[in-house]
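Asks: Sharing a structure here in structure tokens format.
There are 4 protein chains.
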Amino acid sequence: MKKFDLIAIGRAAVDLNAVEYNRPMEETKTFAKYVGGSPANIAIGSARLGQKVGFIGKIADDQLGNYVKLYMKEAGIDTSNLVVDKDGHKTGLTFTEILSPTECDILMYRDQVADLYLTSDEINGEYISQANMLVISGTGLAQSPSREAIIKSMFLAKKLGVKVVFELDYRPYTWKNAEETSIYYKIIANHADVIIGTRDEYDVLENGIGNTNDETVAELFKHDAQLIVIKVGSKGSYAYTKEGKIYRGYAYETKVLKSFGAGDSFAAAFLYAYSKNLGIETALKFGGASASIVISKLSSSDAMPTVEEIENFLKTAKIKEVE
Amino acid sequence: MKKFDLIAIGRAAVDLNAVEYNRPMEETKTFAKYVGGSPANIAIGSARLGQKVGFIGKIADDQLGNYVKLYMKEAGIDTSNLVVDKDGHKTGLTFTEILSPTECDILMYRDQVADLYLTSDEINGEYISQANMLVISGTGLAQSPSREAIIKSMFLAKKLGVKVVFELDYRPYTWKNAEETSIYYKIIANHADVIIGTRDEYDVLENGIGNTNDETVAELFKHDAQLIVIKVGSKGSYAYTKEGKIYRGYAYETKVLKSFGAGDSFAAAFLYAYSKNLGIETALKFGGASASIVISKLSSSDAMPTVEEIENFLKTAKIKEVE
Amino acid sequence: MKKFDLIAIGRAAVDLNAVEYNRPMEETKTFAKYVGGSPANIAIGSARLGQKVGFIGKIADDQLGNYVKLYMKEAGIDTSNLVVDKDGHKTGLTFTEILSPTECDILMYRDQVADLYLTSDEINGEYISQANMLVISGTGLAQSPSREAIIKSMFLAKKLGVKVVFELDYRPYTWKNAEETSIYYKIIANHADVIIGTRDEYDVLENGIGNTNDETVAELFKHDAQLIVIKVGSKGSYAYTKEGKIYRGYAYETKVLKSFGAGDSFAAAFLYAYSKNLGIETALKFGGASASIVISKLSSSDAMPTVEEIENFLKTAKIKEVE
Amino acid sequence: MKKFDLIAIGRAAVDLNAVEYNRPMEETKTFAKYVGGSPANIAIGSARLGQKVGFIGKIADDQLGNYVKLYMKEAGIDTSNLVVDKDGHKTGLTFTEILSPTECDILMYRDQVADLYLTSDEINGEYISQANMLVISGTGLAQSPSREAIIKSMFLAKKLGVKVVFELDYRPYTWKNAEETSIYYKIIANHADVIIGTRDEYDVLENGIGNTNDETVAELFKHDAQLIVIKVGSKGSYAYTKEGKIYRGYAYETKVLKSFGAGDSFAAAFLYAYSKNLGIETALKFGGASASIVISKLSSSDAMPTVEEIENFLKTAKIKEVE
């Protein structure tokens, strides 16, 4: 048995969430500090679900970097491969603005952030070999040298027989243009065993050619992919297997506070059930439930549910009707 | 009579002050948002004192940039020359950490910040000509193109007969090295009519050659300077005139909450009294009182006192004994 | 039948060859101007051999850029996809120094050169589809945006059924470090149908792990490669097919003037024979003969031989004895 | 008596002059290598005239850098402060194209060139103190860190009582925009004792406001300037002294081969006569004669005349008639 159920790689950053919500950021007086960043959220969510989790990333050599590391450690994540930046790069920041449950906006500080300065010589094959899965988040590909570090981690995982999970996690901020994103997404997608993303993110991967889900999965299954999940927002999600099976997942009724964090909580719970061989149908249910729980709370990372919370939620959950 | 008593030029940014103080930033849960940045603080402090104030700067095209502009406008400052950045640069951020009244630390986000992208063609001679004084803050010289914009504003002010006030405001973060700072500080100092700074900042200007106050002022008075203020922390301050007079100012007893904002509040109050021809002795008193008031409060900009507050403070103020 | 036997992609630059040789560059008085750059040389060599050739690249908008385009046009190459740079980038330069036949050195100008500014939106799938082969030269991967343009051209060629030939062409100058090179070489090598390089270049691809030829080809044949050529300098070369056949090529006796241009002339002649289905043995002979001819002459591009010259050379050629 | 009549500071680079002239560069087959760069040319010209000359600059750590140093050393220039770059920067290159005597063009390689990487801590006050004059060439101000190194050398020269000569030498290539040039030119011009430039270059200094010569000198004499030379091409030149005297210089008839090098040879010969107290009239004559000699020859640096050549030339020289 391997030491880690999964290792996530990429950014671990700080969210500054408006304490007073339902107002524009200009009028927000105070912000609450949380750990954020898609792969960090997935790692925290996975640990909350009882998975054994490692993390590969880079943090700033300052108080906010310390905070990120401490929080992850306390969440039970192995932080031995969370490198401290020595070149003055900063912690990525995301200010969130919650105007209303459906109108949310974010303001990101992503210039010269530590996570994008992870270098390929900081990637340790020995560490990756101890995991069942390597979870790659797309944003880490946005800039060098993090880009090369992540491509290297993928090549190593493939060589070492570690399953590669690609969470598309598309954030336009740090990319030069959409075509560049498409090129790097394709490099990882061609080698990934499991791919998870929203329909919009698959459009980015395909550089906006307008494929249907069927065309998308047909193209990707030509390469290494075994399982592909396409999320379609409040309409739920679809999982496709290379053998040709299709599974449908649903979104659940919930009291939405904000839209952030849904994707990361979905991924953590989906991968939990998938790791435990609970079946793809259950994995989609867990993913949907976990997302519904997180969007009803103020934070993303801090609100990640336990298995018990998900199971309790599902006992009474009502599938969301979509017109 | 001119439209503005003074125009300040340089950064207008955001401070995020720890709401829970006397603890490390790692344990701080929430941060309160204020306008910050030395020249912005001086402008706000001057407006609070009833001065007619203009501002030349550049703000981010986002919610935090809007907030800065709104706050300054409401403070009574003319923001017609506060340019909105169109290239995606962000608002500078300063997280403050208050471990104890004497141990304060800050964490600055100054990469790719809008204020350092003010360009020389955004400097308007017509606008500068409407002021009695142009207040230049040293940090704006740290990077191009703001560096050139500020040197241009200085040349224009000299040509137009507008008094140039140079507040040294040295922040090591964005400078490449100390010698570079010294070179650009000298360019402005050689043309400035009034220079204000701490003894440490004059050492930076002189590239650490170890001059005494007397040597420093002797060298600077060879050029355009008429009045030089050297602050020596809790020991107070000295003002030197080209004619050879020396004035002594004192620090006052106060319940210190944090050390930030002392310099900006000093400058605003000193320049107020100097503008109103209340005499240099009074100017030093006003500066000292204003600083003492601000360091007893949580914010810098928001805490800037009125004339009435300063006068009331001085009625009962006790000069701080220095061993 | 397709319009082009091959399209090469990458740099087209200028060589400045010492007119007075057998002396250090310091004492060289005059330099002769030639077109240079590995893929340009391969294109010129291929055209000289009667192949129908296209080229994808970017040239400076100045006299040296014009010269490159004119020379290639006159050599019979289609230059419709040779884009003119509009951002002030310059033509790459290579000064050659010929101290003696065995001691040659080069001095490269590769900062801000036009060829590395080819962008992915300048890559035209319609154009690539008209070729039997796309010849990718490794140096084009050294920097963005040329890097992404070339990866895109590779993805397009694969999708369109155009054979991808990867000439490793490793030049340390523009790469950040060897590991970065290895990562991008692997991305192309995993998809290439034909790979050509020296043993040293395969070591770069493998990030210096010290594989033997057998280990190298075993690893590469796990992916798309069908044919792999490994050159071992004056000892000749080996060609491996996916089916497991191994062919040996030899170097020939010649009066060596300088060592430059051997690899490009080898590739042009090898690919000519391979295109014409003359058999791999003949292809290796043609490659070796072409290289021997070019290293006996002053220029690289200008000296590229015709089929007749190669055939005549081979009639009397003596295999070089290697102790 | 000081060790050096003058020390020049700034770029020392390589010119590649078309050997076959009266044709476009595309058709030029060979280029001859010479030392170039305005301050290097002035230093070489001064040494040829028997002046004791020092040089402060930075050269590439390669064959072309070596060549520059060797050539200057052999010309009799002290190269102890010619620093060798250790960061891979290259020697600046200027390809010249001589279409006809009046149509000349140049193609410059100025990206990442060693001379612009001279740093302020490589400036040695002790060395500067050994000279009567420090000759600053405007192009060195175009980029950091050379910009700061040169401003520092100017501050040091002023402090040490060394005369500052400012040769405007405006080359648009490396400057971001004309306003930036104007700002840095003003910083030096306000402190320079002697200023030399063409009317076009004074327009750049004044940011194109359209001053007449009289307005230009009136403005500059408000600061440290004692002597100002304004060149007006084939119409000759004017020298203005702070005391109000105006001198007229003339161009001489010559068989023009190309227009390059005229300014540098003028400066060298003018400063020679000025150093030797031969009077400003003679200085203008020497300058004009030296320029006329150089433009009749292929190179700039190599063609710099001796005093004897200038005196011989002047014996028979005819002033050029200007319609």
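Residue numbers (the UniProt record's numbering), protein chains in the order written: chain R, 1 to 323; chain P, 1 to 323; chain V, 1 to 323; chain Y, 1 to 323. Heads up, the beta-carbon is just placed ideally off N, CA and C, and yes, glycines get one too. This structure is a prediction, so every number in the text was calculated from the model and none was measured.
Taking K152/P as the query, report the chain Y residues whose CB atoms sit under 8 Å from its CB, ordered along the chain.
Replies: Position 152 of the second sequence, counted from the start, is the residue given in the question as residue 152/P. Chain Y residues near K152/P: E179 and I183.
Asks: Along the chain, which unbroken stretches of the alpha helix (DSSP H) at least 4 residues long are found entirely within the segment 30-116 of chain Y?
Replies: As far as the segment 30-116 of chain Y is concerned, its whole alpha helix (DSSP H) runs of at least 4 residues are 38-48 and 63-74.
Asks: Tell me where the alpha helix (DSSP H) around D302/V begins and ends.
Replies: As a working note, residue 302/V is residue 302 in the third sequence. For D302/V, there is no enclosing alpha helix (DSSP H), as DSSP gives it neither H nor E.
Asks: Compute the Euclidean distance between the alpha carbons of A273/V and G279/V, then round it to the nearest angstrom.
Replies: As a working mapping, residue 273/V is identified with position 273 in the third sequence. As a working mapping, residue 279/V is identified with position 279 in the third sequence. Cα to Cα, A273/V sits roughly 7 Å from G279/V.
Asks: Can you tell me whether S234/V is buried or exposed? The criterion is at least 16 other CB atoms within 10 Å of its CB, across all chains shown.
Replies: Counting from 1 along the third sequence, the entry for residue 234/V is found at position 234. So S234/V ends up on the exposed side.
Asks: Measure the C-alpha to C-alpha separation of D200/P and T139/P and round it to an integer number of angstroms.
Replies: Within the second sequence, residue 200/P is the residue found at index 200, counting from 1. Within the second sequence, residue 139/P is the residue found at index 139, counting from 1. Distance between the alpha carbons of D200/P and T139/P: 15 Å.
Asks: Can you list the residues of chain P that P24/R reaches, using a CB-CB cut of under 8 Å?
Replies: Locating residue 24/R in the first sequence gives position 24, where the first residue counts as 1. By Cβ distance, chain P contributes Q63.
Asks: Jot down the residue ranges of each uninterrupted alpha helix (DSSP H) in the segment 211-291 of chain P, minimum 4 residues, whole runs only, in chain order.
Replies: 213-220 and 262-275
Asks: In the DSSP assignment, the alpha helix (DSSP H) including G125/V goes from what residue to what residue?
Replies: Sequence index remark: in the third sequence, residue 125/V carries index 125 (1-based). Boundaries of the alpha helix (DSSP H) around G125/V: G125 to I128.
Asks: What does the Cβ neighbour count give for M25/V, buried or exposed, with the cut at 16 atoms within 10 Å?
Replies: Locating residue 25/V in the third sequence gives position 25, where the first residue counts as 1. When all chains shown are included, M25/V counts as buried.
Asks: Okay, do the segment 290-303 of chain P and the segment 220-229 of chain V touch, 3+ Cβ pairs below 8 Å being the bar?
Replies: no
Asks: Identify whether E167/V lies in helix, strand or coil by the three-state DSSP scheme.
Replies: By one-based count along the third sequence, residue 167/V stands at place 167. In the structure shown, E167/V sits in a strand (DSSP, three-state: E or B).
Asks: Nearest-angstrom Cα distance between F270/Y and F4/Y?
Replies: Numbered from 1 along the fourth sequence, position 270 holds the residue referred to as residue 270/Y. Numbered from 1 along the fourth sequence, position 4 holds the residue referred to as residue 4/Y. Straight-line Cα distance between these residues: approximately 17 Å.
Asks: Can you tell which of G263/Y, S275/Y and S290/Y has its C-alpha closest to the C-alpha of T254/Y?
Replies: Working through the fourth sequence from its first residue, we reach residue 254/Y at position 254. That would be S290/Y, whose Cα lies nearest to the Cα of T254/Y.
Asks: Within this structure, are the beta carbons of G10/Y and D115/Y separated by less than 8 Å?
Replies: The residue given as residue 10/Y occupies position 10 in the fourth sequence. The residue given as residue 115/Y occupies position 115 in the fourth sequence. Yes.
Asks: Let me make sure I understand the geometry here. Which of G54/Y, Y250/Y, V165/Y and E321/Y has the alpha-carbon closest to that of Q130/Y?
Replies: Numbered from 1 along the fourth sequence, position 130 holds the residue referred to as residue 130/Y. Checked all of G54/Y, Y250/Y, V165/Y and E321/Y; the closest Cα to Q130/Y is G54/Y.
Asks: Per DSSP, which one or two residues make a beta bridge with N17/V?
Replies: If you number the third sequence from 1, residue 17/V lands on position 17. Per DSSP, A32/V and T96/V.
Asks: Any Cβ of chain Y within less than 8 Å of the Cβ of I187/P?
Replies: By 1-based counting over the second sequence, the position of residue 187/P is 187. It does; some Cβ of chain Y falls within 8 Å.
Asks: What span of residues does the alpha helix (DSSP H) with M154/Y cover, start to end?
Replies: Taking the fourth sequence and counting its residues from 1, one reaches residue 154/Y at position 154. Membership of M154/Y in the alpha helix (DSSP H) is indicated by the continuous run S146 to K159.
Asks: Interface residues of chain P around D121/Y at Cβ under 9 Å?
Replies: Residue 121/Y sits at position 121 when you count from the first residue of the fourth sequence. Per Cβ cutoff of 9 Å: N177 and E179.
Asks: Keeping to the same chain, check which residues put their C-beta closer than 6 Å to that of G197/P; ignore five residues upstream and five downstream.
Replies: Residue 197/P sits at position 197 when you count from the first residue of the second sequence. If we look at G197/P and ignore the five residues flanking it on each side, its Cβ neighbours are L168.
Asks: How should S100/R be labelled, buried or exposed, when 16 other C-beta atoms within 10 angstroms of its C-beta is the threshold for buried?
Replies: For the purposes of this step, residue 100/R is taken as the residue at position 100 of the first sequence. So S100/R ends up on the exposed side.
Asks: Taking DSSP as the reference, what is the three-state secondary structure of M25/Y?
Replies: Counting from 1 along the fourth sequence, the entry for residue 25/Y is found at position 25. M25/Y falls in the helix class under three-state DSSP.
Asks: Could you have a look at G140/Y and say whether DSSP puts it in helix, strand or coil?
Replies: As a working mapping, residue 140/Y is identified with position 140 in the fourth sequence. G140/Y: helix per DSSP, three-state reduction.
Asks: If the criterion is Cβ atoms closer than 8 Å, does the pair G249/P and G263/P meet it?
Replies: Position 249 of the second sequence, counting from 1, holds the residue named residue 249/P. Position 263 of the second sequence, counting from 1, holds the residue named residue 263/P. Contact: no.
Asks: I need the straight-line Cα distance from G210/Y to A178/Y, nearest angstrom please.
Replies: In the fourth sequence, the residue the question calls residue 210/Y occupies position 210. In the fourth sequence, the residue the question calls residue 178/Y occupies position 178. Distance between the alpha carbons of G210/Y and A178/Y: 14 Å.
Asks: Please work out which residues of its chain come closer than 7 Å, Cβ to Cβ, to I187/V, disregarding the five sequence neighbours upstream and downstream, and give them in chain order.
Replies: In the third sequence, residue 187/V corresponds to position 187, counting from 1. Answer for I187/V: I151, listed in chain order.
Asks: Alpha carbon to alpha carbon, how far is S182/Y from E206/Y? Give it in angstroms, no decimals.
Replies: Indexing the fourth sequence from 1 puts residue 206/Y at position 206. Indexing the fourth sequence from 1 puts residue 182/Y at position 182. Rounded to the nearest whole angstrom, the CA to CA distance from E206/Y to S182/Y is 6 Å.
Asks: CA-CA distance, L70/Y and Y109/V?
Replies: Within the fourth sequence, numbered from 1, the residue matching residue 70/Y stands at position 70. Within the third sequence, numbered from 1, the residue matching residue 109/V stands at position 109. Taking the straight line from one Cα to the other gives about 21 Å.
Asks: Excluding five sequence neighbours on each side, which residues of the same chain lie with their C-beta closer than 8 Å to the C-beta of K163/Y?
Replies: The sequence position of residue 163/Y within the fourth sequence is 163, counting from 1. So the qualifying residues of the chain are N132, M133, L134, A157, D193 and V194.
Asks: When you check each C-beta in the segment 151-172 of chain P against every C-beta of chain Y, which residues fall closer than 9 Å?
Replies: I151, K152 and F155
Asks: Compare the C-beta of F31/P with all C-beta atoms of chain R and state if any pair is closer than 8 Å.
Replies: What you label residue 31/P is simply residue 31 of the second sequence in a count that begins at 1. Closer than 8 Å: yes.
Asks: Below 8 Å CB to CB, which residues in the same chain sit around E20/Y once its five sequence neighbours on both sides are set aside?
Replies: Here residue 20/Y corresponds to residue number 20 of the fourth sequence, with the count starting at 1. Excluding sequence neighbours, E20/Y sits near E27, T28, K29 and T30.
Asks: At the level of alpha carbons, what is the spacing between F266/R and V68/R?
Replies: Position 266 of the first sequence holds residue 266/R. Position 68 of the first sequence holds residue 68/R. Roughly 22 Å between the two C-alpha positions.
Asks: Please tell me whether I44/V and M72/V are closer than 8 Å, where the distance is taken between their beta carbons.
Replies: Position 44 of the third sequence holds residue 44/V. Position 72 of the third sequence holds residue 72/V. Contact flag set, yes.
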